[in-house]
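Asker:
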Amino acid sequence: MVPNFIRRSYAMKFAIVLLILGLSVGAIGLVGTAQLQEGVQSNVYTDHETLALQQAESVNDFHENNEYTVEEFARSSAIAVETAGDQPDAQEYVEETMDDRGGGDVGEAHLHLLETNGHVIASSKVEPQTGQELQGEWVDQIDNESGTYVTNAYESGDVDENEQRIAYITASHNILDGQVLVYTIPLDEYEVVTGDDRYGMVVDGNDRIAFSEPGDESRAATTNPMFELYTDAGDDDPLVDARNPETGSLGAMEAGPGTSFLEEDFFGSQEYVVGYATVGDSDWVTLVHTPTDIAYGFVEDVQQFGLIATIGAVLLIGSVGAVFGWNTSRSIDRLTRKASRMEEGDLEVDLESKRIDSIGRLYDGFGSMRDSLKTQIEETTQARDEAETARAEAERLNDHLEAKADEYREVMQATADGDLTARMDADSENEAMEDIATEFNEMIAELEETTATIKTFATEVATASEEVTASSEEVQSASTQVAGSTQEISEGADRQNDSLQSINQEMSGLSTTIEQIAASSNQVADLAARTAETGEEGREAAQEAIEGMREIETESDAAVAEIEKLEAEMEQVDELLEFITEVAEQTNMLALNANIEASRSESSNEGFSAVAGEVKELSAETREAARDIENRLEEIKSQTERAAAEVQQTSDHVSEHTDSVERAANALDEIADYAVETNTGMQEISSASDEQAASTQEVVAMVDEVATIAEQTSTESETVAAAAEEQTTALTEVSRSASDLAQRATQLSATLDHFDTDAATDDALEVNDSADAEVNDALSFDETDDGFGGEGGDSASDETESEDAEATDPLAATPENDSDSTDVTDADNESADGWGEHVDEDADDTTEASESDGTDPLADSFQFDDGDQ
1 MVPNFIRRSY
11 AMKFAIVLLI
21 LGLSVGAIGL
31 VGTAQLQEGV
41 QSNVYTDHET
51 LALQQAESVN
61 DFHENNEYTV
71 EEFARSSAIA
81 VETAGDQPDA
91 QEYVEETMDD
101 RGGGDVGEAH
111 LHLLETNGHV
121 IASSKVEPQT
131 GQELQGEWVD
141 QIDNESGTYV
151 TNAYESGDVD
161 ENEQRIAYIT
171 ASHNILDGQV
181 LVYTIPLDEY
191 EVVTGDDRYG
201 MVVDGNDRIA
211 FSEPGDESRA
221 ATTNPMFELY
231 TDAGDDDPLV
241 DARNPETGSL
251 GAMEAGPGTS
261 FLEEDFFGSQ
271 EYVVGYATVG
281 DSDWVTLVHT
291 PTDIAYGFVE
301 DVQQFGLIAT
311 IGAVLLIGSV
321 GAVFGWNTSR
331 SIDRLTRKAS
341 RMEEGDLEVD
351 LESKRIDSIG
361 RLYDGFGSMR
371 DSLKTQIEET
381 TQARDEAETA
391 RAEAERLNDH
401 LEAKADEYRE
411 VMQATADGDL
421 TARMDADSEN
431 EAMEDIATEF
441 NEMIAELEET
451 TATIKTFATE
461 VATASEEVTA
471 SSEEVQSAST
481 QVAGSTQEIS
491 EGADRQNDSL
501 QSINQEMSGL
511 STTIEQIAAS
521 SNQVADLAAR
531 TAETGEEGRE
541 AAQEAIEGMR
551 EIETESDAAV
561 AEIEKLEAEM
571 EQVDELLEFI
581 TEVAEQTNML
591 ALNANIEASR
601 SESSNEGFSA
611 VAGEVKELSA
621 ETREAARDIE
631 NRLEEIKSQT
641 ERAAAEVQQT
651 SDHVSEHTDS
661 VERAANALDE
671 IADYAVETNT
681 GMQEISSASD
691 EQAASTQEVV
701 AMVDEVATIA
711 EQTSTESETV
721 AAAAEEQTTA
731 LTEVSRSASD
741 LAQRATQLSA
751 TLDHFDTDAA
761 TDDALEVNDS
771 ADAEVNDALS
781 FDETDDGFGG
791 EGGDSASDET
801 ESEDAEATDP
811 LAATPENDSD
821 STDVTDADNE
831 SADGWGEHVD
841 EDADDTTEAS
851 ESDGTDPLAD
861 SFQFDDGDQ
């Protein structure tokens, strides 16, 4: 809420507005300057991030080139040192390779082949025989690394006069196990270039500066930051943010004043902007530094100018607003005092002003208002006098109206009590009261006639309701029996469906089994066919064997004959040997005789004795030869006898087997015949099985169809059962509605008995039998109460004109219904749920009165809606 002292003072409001305006201008100026500064700061950060990223990519390329170089060296076969004899070749390769690259001296690149313990095998800088070892943290960590990698910056020690270097190490390609190839370069081989007024550097994983740029000449002459430890101020350390996965590997920040050599040799106590980026996947970081006064440049000048301009604008607005506001406030205060005098009743106050602006027009407006106020006061006085006269006339008319109202109230009270013969006096001074009396009298007359008709109608409705109740109870009992029977049918259909489903499953299994039998029959038929073929082949082979046996038997018989001939010849040889033996014995005897004779004549028969001796020897030799031949012939004879016996035995066996083969051939013939018959039978079985499988499939299809029909029958039975239950429920509702209608008709008759009507009117409104039939035909039940799908209760919606132009009768005005409109037929009025519905089109008519405006308000008030039926 605004305080009242401010709301009452225009000058105070104007001052507050000027203050708000000045503060707004100041705030806009400060915000604009701050946004400009933020925009420039964002651009500066982006530039430093870009420079740092470019430098990181350059360093990564530098590392990759050197890693590729050392891997190229490792591909040489000369670098593989398996024995002490291979060491000279490796040394020669290392020296020649580095000489070709211009290396070998301090400050240049070196190549070393080392054992993992640091022992030098071959080197372009160290003699292997001296036993020198390279120094550096990376030497102790060789076993912990694999592949090709770059080390952090290190001091080489005595080998390279404590020079700051980095090393590229590989154990791939031709490098043997337990050895590594090391390619080292000094830190000044790579120079960081970021441009004027900036200072860039590359920090390794140990936070030492590996590469840097010299900066300006004076700073380069006194500063060599390489291998210095990079430190900065606490939480603003860019190395922490660069290596933090949450903040990312690329960014920029404001830092400083710097610590360590950054403060002493580069930035002093001033702040600076530093952009950072990580090198590849390593923990190396590139940094680009720029002092804030150089990085932001003119932004600080713009900020100061904006602040001065904002203050000047605020002062100018305040001064100009004070001048114009004070003058305006004085004029408004003067007008306020004159308006107060007018409020006190002084209408002669001077409202003239020399100003022609809005204040001047405001003075003129107050003057016109004062003059108009004078005129309105005069007119109001005159109107007050005229109002006094009109009020007296109105009071008199009001008294008359009150009297007529009391009179009409008494008539209405009598009518409300049931006296429909009471009438109002239409004589009045007010035309509206006359119209009310006339209209009321006409309404009561029509109400009297309608009440008499409704009395008769209520009696008939009660009688018809009782009949409907009795009929609905009979239909309800029948529907209950139908629902029970339908439920039993539904349960039987369910059981039939379950049985058919089981039959379907069994027939499906039987069909599968028959198909398997058909497939097996086909296989057996194929086997029988193959058996027949094999039997035929066996029979042919047996026939060939029989022929072979017969040939063998023939040859055996020939052999036996030849052996028998040989035995005969052997017998002849035996006889010859016996003869030779006898000759030998006789010769021996002759020799013996010759010896005897020679002994008798020793001297003269020496020659004869010698011949006798030779004959004797010859006889002995002959006898021995004959004896030897006889022995050999005995052996040959024995062998011949055995051969003959064996050949005879073989011939006997061949004869026996020939008979067996013949029996086998006969058996194979019979098997072949049986196989042919079996094949024929199996083919017939296979055909029969295929036909049976097809028939089974047809049976399965028919069973499926029957099961589907049974399932549909079950579903339809359930639907019919549900419909029967709904019908029973609907008939129960009909019965209840009919009973309720009868009660309501009785109540209506009792209520109408409270109304008094003229006897003449009652006699004039008697309804004959045909009218009663029309009324009964016009009566229908609404679907919301009777439970059926028919539509009814709309008998009072259409308008029909009475044939009698003079009088109006609500019942007589209802058109007669023909048989087509009253009968309920299933063919013409069948609803979605199977129940017939009857729409009595003619029962929707209402009557139009031929008198006055043609509307019977009492008839409209007694029409039944859906809920009242």
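Position one of the sequence shown corresponds to residue 1 (full-length UniProt numbering), numbered consecutively onward.
Where a beta carbon is used, it is the ideal one built from N, C-alpha and C, also for glycine.
Whole angstroms is fine: what's the gap from G613's alpha carbon to A584's?
Answerer: Rounded to whole angstroms, G613 to A584 spans 14 Å at the Cα level.
Asker: Can you say whether H289 is buried or exposed, counting buried as having 16 or more other CB atoms within 10 angstroms of its CB?
Answerer: buried
Asker: What does H110 pair with, by DSSP beta-bridge criteria?
Answerer: In DSSP, H110 forms a bridge with T184.
Asker: With a threshold of 8 Å, are at least 3 pairs of Cβ atoms found where one atom belongs to the stretch 510-524 and the other to the stretch 653-663?
Answerer: no
Asker: Taking contact to mean at least 3 C-beta pairs separated by less than 8 Å, is the stretch 542-549 in contact with the stretch 665-685?
Answerer: yes
Asker: With a cut-off of 8 Å, do at least 3 Cβ pairs link the stretch 331-344 to the stretch 360-373?
Answerer: yes
Asker: Thinking Y168 and V70 are a contact (beta carbons under 8 Å), I'd like their distance in whole angstroms, please.
Answerer: 5 Å
Asker: Give me the Cα-Cα distance between P238 and V17, rounded to the nearest whole angstrom.
Answerer: 49 Å
Asker: Assign M369 to one of two classes, buried (16 or more other C-beta atoms within 10 Å of its C-beta) or exposed (fewer than that).
Answerer: exposed
Asker: Please classify V240 as buried or exposed, where buried requires at least 16 other C-beta atoms within 10 Å of its C-beta.
Answerer: exposed
Asker: Just to confirm, is the Cβ distance from Q91 to S123 under 9 Å?
Answerer: Yes, these two residues count as a Cβ contact at 9 Å.
Asker: With G275 as the anchor, note down where its alpha helix (DSSP H) starts and where it stops.
Answerer: Note, G275: premise wrong, no alpha helix (DSSP H); beta strand (DSSP E) at Y272 to T278.
Asker: Around the C-beta of M433, are 16 or more other C-beta atoms found within 10 angstroms, so that it is buried, or is it exposed?
Answerer: buried
Asker: Use the C-beta contact count for W284: other C-beta atoms within 10 angstroms, 16 or more gives buried, fewer gives exposed.
Answerer: buried
Asker: Can you give me the Cβ contacts of V475 inside the same chain, cut-off strictly under 6 Å, excluding the 5 residues immediately before and after it?
Answerer: L731
Asker: Let me know the secondary structure DSSP gives M424 once reduced to three states.
Answerer: coil
Asker: Helix or strand or just coil, what does DSSP make of Y154?
Answerer: strand
Asker: Kindly indicate the opening and closing residues of the alpha helix (DSSP H) around H289.
Answerer: Here H289 belongs to no alpha helix (DSSP H); instead the beta strand (DSSP E) covers V285 to P291.
Asker: Expressed to the nearest angstrom, what Euclidean distance is found between the alpha-carbon atoms of residue 870 and E228?
Answerer: Given that the chain is displayed from residue 1 to residue 869, the structure contains no residue 870 and the question cannot be resolved.
Asker: Just how far apart, CA to CA, sit T650 and A594?
Answerer: 57 Å
Asker: State the start and end residues of the unbroken beta strand (DSSP E) segment that holds T170.
Answerer: Q164 to T170
Asker: Rounded to the nearest angstrom, what separates R627 and L590 at their Cα positions?
Answerer: 19 Å
Asker: Give the secondary structure of R101 by DSSP, where H, G and I count as helix, E and B as strand, and everything else as coil.
Answerer: coil
Asker: Return the CA-CA distance between M570 and K637, expressed in angstroms with no decimal places.
Answerer: 7 Å
Asker: Within 10 angstroms of the Cβ of H63, are there 16 or more other Cβ atoms? Answer buried if so, exposed if not.
Answerer: Label assigned to H63: buried.
Asker: Taking a contact to mean a Cβ-Cβ separation below 9 Å, would you say T97 touches Q179 in this structure?
Answerer: no
Asker: When burial is assigned at 16 or more other CB atoms within 10 Å of the CB, is A390 buried or exposed?
Answerer: exposed
Asker: DSSP state of V560, grouped into three classes?
Answerer: helix
Asker: Would you mind giving the Cβ-Cβ distance between I79 and L113, rounded to the nearest angstrom? I have them listed as a contact below 8 Å.
Answerer: 6 Å
Asker: In the structure shown, what three-state DSSP assignment does E571 receive?
Answerer: helix
Asker: Which whole-angstrom value is the C-beta distance of I359 and T336, which I expect to be below 8 Å?
Answerer: Not quite, the Cβ-Cβ distance comes to about 12 Å (not below 8 Å), so this is no contact.
Asker: For the candidate residues V202, E49, H48 and E711, whose alpha-carbon lies nearest to that of T189?
Answerer: First, the amino acid is wrong: residue 189 is Glu here, not Thr. Nearest C-alpha to E189: V202.
Asker: Indicate, with yes or no, if the ligand NAD has a heavy atom lying under 8 Å from the CB of E656.
Answerer: This structure does not include the ligand NAD; it has no bound ligands of any sort.
Asker: So who's on the other strand from S212, going by DSSP bridges?
Answerer: M201
Asker: Tell me, which residues are paired with Y149 by DSSP?
Answerer: According to DSSP, Y149 bridges with I169.
Asker: Can we say the stretch 720-727 touches the stretch 517-537, given the rule of at least three CB pairs closer than 8 Å?
Answerer: no
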